[in-house]
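Read through the structure below, which is laid out as structure tokens, and then see the notes.
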Amino acid sequence: MKTIVQKMDRNNLKPEEFALAASLLKEGQLVAFPTETVYGLGGDALDEMAAKRIYAAKGRPSDNPLIVHIADASDIEKLAVDIPKTAYALAGRFWPGPLTMILKKSDIVPYSTTGGLDTVAIRMPSDEIARELIRTSGLYIAAPSANSSGRPSTTKAEHVKEDLDGKIAMILDGGAVTIGLESTIVDLTGEVPMILRPGYITKEMLEEAIGTTEYDKAVVNKEKNVTIVAKAPGMKYKHYAPKGDLTIFEGEMSAVIAGISKAAKEKEESGAKVGILATEETKDKYTAGIVKSIGSRKDELSIASHLFDTLREFDTLGVSYIYSESFEEGTLGQAIMNRLLKAAGYQRVLV
Ligand code: TXA
Ligand code: MG
Numbered sequence: 130m131k132t133i134v135q136k137m138d139r140n141n142l143k144p145e146e147f148a149l150a151a152s153l154l155k156e157g158q159l160v161a162f163p164t165e166t167v168y169g170l171g172g173d174a175l176d177e178m179a180a181k182r183i184y185a186a187k188g189r190p191s192d193n194p195l196i197v198h199i200a201d202a203s204d205i206e207k208l209a210v211d212i213p214k215t216a217y218a219l220a221g222r223f224w225p226g227p228l229t230m231i232l233k234k235s236d237i238v239p240y241s242t243t244g245g246l247d248t249v250a251i252r253m254p255s256d257e258i259a260r261e262l263i264r265t266s267g268l269y270i271a272a273p274s275a276n277s278s279g280r281p282s283t284t285k286a287e288h289v290k291e292d293l294d295g296k297i298a299m300i301l302d303g304g305a306v307t308i309g310l311e312s313t314i315v316d317l318t319g320e321v322p323m324i325l326r327p328g329y330i331t332k333e334m335l336e337e338a339i340g341t342t343e344y345d346k347a348v349v350n351k352e353k354n355v356t357i358v359a360k361a362p363g364m365k366y367k368h369y370a371p372k373g374d375l376t377i378f379e380g381e382m383s384a385v386i387a388g389i390s391k392a393a394k395e396k397e398e399s400g401a402k403v404g405i406l407a408t409e410e411t412k413d414k415y416t417a418g419i420v421k422s423i424g425s426r427k428d429e430l431s432i433a434s435h436l437f438d439t440l441r442e443f444d445t446l447g448v449s450y451i452y453s454e455s456f457e458e459g460t461l462g463q464a465i466m467n468r469l470l471k472a473a474g475y476q477r478v479l480v
């Protein structure tokens, strides 16, 4: 299949530019498009064949459910049943935006979209290209992140092309996304709202809107996975993973810099290519390795938005080992570390 790439000018979007993408979606084909978080791989959420095509293109197991994207908040009433008041409160406060809610699904949502679950994930993105695509197609659009399963999520159309060229009908190229980490997911089907994936909308922000909210155990079980030495190869929990072997160094900054420099030097001496994931504040302090700054610690959105991009860059450079600083602090620290730890298969060195 030849993948059509259509460049879009965000400052001058015209409804007719969406006609081809919308008609492809209506035929059950797949169209990748930007959202404010990451690029999504879109298909008609109510069409079982489209869901199957999404799983096939990504190489994703079909029991991993998809998020349904809507352009009008009231559409949750078509897609979900037994909707709690908290859902309306969150929609009012954070939609359109980087928040996904898990609700009980209605009968129109096929199990192929929900991975066999009786619940459905729903999000109303704020990105204008995403919104216009949903509106023009008149569909609900199921869209996982537009990457091959297991690889870093895509924050630019070029990344989507790298992973999915020839496997999908079309890519809408709206340039780099603004947030760069996937949406916060909150499950509203239990007694207490539960955060399944941290993101730009934080626990504190949710609590301000709906009261007590908890993290799912899987989000905070980092301590259980402390690994002082590298886990055996093959044990790696593959998610967001670059090709190089990623290890996160944690501790006081000067010790982190010394530890990474030492590890990088040793690997280089054995002939390996090494990448270092650093920041504006530290990039000049390393004495070995290929150093990439992902942004300034004073601007955590710059760090979030460059994380996946930088991991992909190391792949392009063909590095075998990647050493990264850690990012615990700030509002987005939780979300950044969650992705980084998964990408590293929880491989950490505490210095
Ligand atoms: O920011 C985002 O959410 C991006 C953009 C494209 O909107 N989408 C995204 O989709 O990250 P994906 O498929 O890569 O991640 C969706 C996550 C998966 O971890 C999936 O297991 C979870 O949402 N999920 C989807 N439906 C669910 C459900 N009914 N119950 C629990 N988890 C669900
Ligand atoms: Mg994903």
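Sequential numbering from 130 applies to the sequence shown in this note's numbering. Even glycine gets a Cβ: it sits at the ideal position worked out from N, Cα and C.
Own chain partners of A359 with C-beta closer than 8 Å, once the 5 adjacent residues on each side are dropped: Taking the sequence shown and counting its residues from 1, one reaches residue 359 at position 230. Low per-residue confidence applies at A359: pLDDT is 36, beneath 50, and the placement is therefore not dependable, though the value from the model is reported in the following sentence. D374, T376 and Q476, listed in sequence order.
>> With H, G and I counted as helix, E and B as strand and the rest as coil, what does DSSP make of D438?
In response: If you number the sequence shown from 1, residue 438 lands on position 309. Residue state, collapsed to three classes: helix.
_Suppose the cutoff is 6 Å on Cβ atoms and the five residues either side in sequence are ignored; what does the same chain contact list for F223 look like?_
In the sequence shown, counting from the first residue as 1, residue 223 sits at position 94. Answer for F223: I330, listed in chain order.
- prompt: First and last residue of the beta strand (DSSP E) that includes S178?
  reply: Along the sequence shown, one-based indexing puts residue 178 at 49. It should be pointed out that residue 178 corresponds to Met in this sequence rather than to Ser. Not the beta strand (DSSP E): M178 falls in the alpha helix (DSSP H), residues E177 to K187.
- Item | Buried versus exposed call for S455 [16 or more other C-beta atoms within 10 Å across all chains shown] | Reading the sequence shown from its first residue, position 326 is the one you call residue 455. The residue in question, S455, is buried, as its Cβ has 16 or more Cβ neighbours within 10 Å.
What does the alpha-carbon distance come out to for the pair T132 and I297? The count along the sequence shown starts at 1 and reaches residue 132 at position 3. The count along the sequence shown starts at 1 and reaches residue 297 at position 168. Roughly 6 Å separates the two Cα atoms.
Just checking E343 against the ligand TXA - is the residue's beta carbon closer than 6 Å to any of the ligand's heavy atoms?
Position 214 of the sequence shown holds residue 343. Every heavy atom of the ligand TXA is 6 Å or more from the Cβ of E343, so no.
Specify the secondary structure class of I133 as computed by DSSP and reduced to three states. Translated into the one-based positions of the sequence shown, residue 133 becomes position 4. Here I133 sits in strand by DSSP.
The beta strand (DSSP E) with R280 in it runs from where to where? Within the sequence shown, residue 280 is the residue found at index 151, counting from 1. Looking at the DSSP string, R280 is not in any beta strand (DSSP E), and its letter there is neither H nor E.
Margin query: Using only CA atoms, which one of A148, F443, S390 and R426 lies nearest to Y415?
Written below: The count along the sequence shown starts at 1 and reaches residue 415 at position 286. Looking at the Cα atoms, S390 is the closest of the given residues.
On the DSSP bridge list, what partners appear for F162? On the sequence shown, position 33 is the one that residue 162 refers to. F162 pairs with G169.
ask   = Say the cut is 6 Å; is the CB of P213 nearer than that to a heavy atom of the ligand MG?
value = For the purposes of this step, residue 213 is taken as the residue at position 84 of the sequence shown. No, the Cβ of P213 stays beyond 6 Å of every heavy atom of the ligand MG.
So which of A387, E409, G328 and G309 has the shortest CA-CA distance to E461? Working through the sequence shown from its first residue, we reach residue 461 at position 332. The question names Glu, but residue 461 is Leu in the sequence shown. Ranking the options by Cα distance to L461, first place goes to G328.
Q) Exposed or buried, which one is E165 when buried takes at least 16 other CB atoms within 10 Å? A) On the sequence shown, residue 165 is found 36 positions in, with the first residue counted as 1. E165 comes out buried.
Compare the beta carbon distance of A275 and G169 with 7 Å and say whether it is the shorter of the two.
The sequence position of residue 275 within the sequence shown is 146, counting from 1. The sequence position of residue 169 within the sequence shown is 40, counting from 1. Yes, the Cβ-Cβ distance between A275 and G169 is below 7 Å.
**Q.** DSSP state of I297 mapped onto helix, strand, coil
**A.** Here the question's residue 297 lines up with position 168 in the sequence shown. Reduced to three states, the DSSP call for I297 is coil.
Worksheet item: Below 8 Å, can you find three or more Cβ-Cβ pairs linking the stretch 132-143 to the stretch 301-316?
Response: yes
For M230, the three-state DSSP class (helix, strand or coil): In the sequence shown, the residue the question calls residue 230 occupies position 101. Strand at M230.
**Asked** By Cβ distance below 7 Å, which residues in the same chain neighbour H435 in space, the five residues on each side in sequence not counted?
**Response** One-based indexing of the sequence shown puts residue 435 at position 306. Result list for H435: G309, I423 and G424, in chain order.
Query - Inter-residue CB distance, M299 and Q135 (contact presumed, cutoff 8 Å) - result: Along the sequence shown, read from residue 1 onward, the residue named residue 299 stands at position 170. Along the sequence shown, read from residue 1 onward, the residue named residue 135 stands at position 6. Going by Cβ atoms, the distance from M299 to Q135 rounds to 7 Å, so yes, they are a contact pair.
Note to self: One question on the structure: do L195 and L268 come within less than 7 Å of each other, judged by their Cβ atoms?
What the structure shows: Your numbering for residue 195 matches position 66 in the sequence shown. Your numbering for residue 268 matches position 139 in the sequence shown. No, the pair does not count as a contact, with Cβ atoms beyond the cut-off.
(request) Tell me whether D515 sits in a helix, a strand or coil according to DSSP, three-state version. (result) Within the shown structure, residues of the chain are numbered from 130 to 480, placing residue 515 beyond reach of any answer.
Can you tell me where the alpha helix (DSSP H) holding F223 begins and where it ends? Within the sequence shown, numbered from 1, the residue matching residue 223 stands at position 94. Run containing F223: K214 to F223, per the alpha helix (DSSP H) assignment.
Quick check on the burial criterion: 16 or more other C-beta atoms within 10 angstroms. Buried or exposed for I324? Walking along the sequence shown from the start, residue 324 turns up at place 195. Buried.
Is I231 near the ligand TXA - that is, is its Cβ less than 6 Å away from at least one heavy atom of it?
Residue numbering aside, residue 231 sits at position 102 when the sequence shown is read from its first letter. Result yes, Cβ under 6 Å from the ligand TXA.
| message | Once DSSP output is grouped into helix, strand and coil, what is the label at E395? | response | In the sequence shown, counting from the first residue as 1, residue 395 sits at position 266. Helix.
- Item | Cα-Cα separation between A417 and I451, rounded to whole angstroms | In the sequence shown, the residue the question calls residue 417 occupies position 288. In the sequence shown, the residue the question calls residue 451 occupies position 322. When rounded, the distance between both Cα atoms is 12 Å.
Worksheet item: Roughly how many angstroms lie between the CA atoms of D173 and T318, to the nearest whole one?
Response: Position 44 of the sequence shown holds residue 173. Position 189 of the sequence shown holds residue 318. Between D173 and T318, the C-alpha separation is close to 24 Å.
Taking the beta strand (DSSP E) that R260 belongs to, which residues open and close that run?
In the sequence shown, the residue the question calls residue 260 occupies position 131. R260 -> not in any beta strand (DSSP E); alpha helix (DSSP H) instead, spanning E257 to S266.
The ligand TXA and I196: does any heavy atom of the ligand fall closer than 6 Å to the residue's C-beta?
Position 67 of the sequence shown holds residue 196. I196 Cβ: within cutoff of the ligand TXA.
Distance between V210 and T248 (C-alpha atoms, nearest Å): As a working note, residue 248 is residue 119 in the sequence shown. As a working note, residue 210 is residue 81 in the sequence shown. Near 9 Å, if we compare the C-alpha coordinates of V210 and T248.
How is R426 classed by DSSP in three states: helix, strand or coil? In the sequence shown, counting from the first residue as 1, residue 426 sits at position 297. Residue state, collapsed to three classes: coil.
Heavy atom of the ligand TXA within 6 Å of L470 beta-carbon
To locate residue 470, count along the sequence shown from 1; it is residue 341. Every heavy atom of the ligand TXA is 6 Å or more from the Cβ of L470, so no.
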